[in-house]
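Asks: Here it is, the structure in full.
Residue numbers (this note's numbering): -13 to 51.
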């Protein structure tokens, strides 16, 4: 069985791979590819997925630690 992994990229999104289930608060499943990036900054227009906004506004992971 594959194992899910979530890796925080340096000054970027969380990189997710493997079998994970994302759900809305009401329980509806959020479709996603096998590998994807999740927003870590909170400004994505496509939450919970990364849309690259961190590249425009900058993101310093040390502020999130």
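The beta-carbon is built from N, C-alpha and C at its ideal position, and this holds for glycine as well. On a predicted model such as this, the values are computed, not experimentally measured, just so you know.
1. May I have a chain-ordered list of the beta strand (DSSP E) segments no shorter than 3 residues that lie completely inside the region -13 to 12?
2. Taking 7 angstroms as the limit between beta carbons, can you name the residues of its chain near residue 99, skipping five residues before and five after?
3. Among -11, 46, 16 and -3, which one has its Cα closest to the Cα of residue 5?
4. State buried or exposed for residue 38, treating a residue as buried only when at least 16 other CB atoms are found within 10 Å of its CB.
5. With a CB to CB cut of under 6 angstroms and the five nearest residues on each side skipped, what residues in its chain are close to residue 50?
Replies: In this structure, then:
1. -9 to -6 and 0 to 3
2. The chain is shown only over -13 to 51; residue 99 falls outside these bounds and no answer can be derived.
3. If you number the chain shown from 1, residue 5 lands on position 19. Among -11, 46, 16 and -3, the Cα nearest to that of residue 5 belongs to -11.
4. Looking up residue 38 in the chain shown gives position 52. Residue 38 comes out exposed.
5. On the chain shown, position 64 is the one that residue 50 refers to. Model confidence at residue 50 stands at a pLDDT of 49, short of 50, so the residue's coordinates are unreliable and nothing is read from them.
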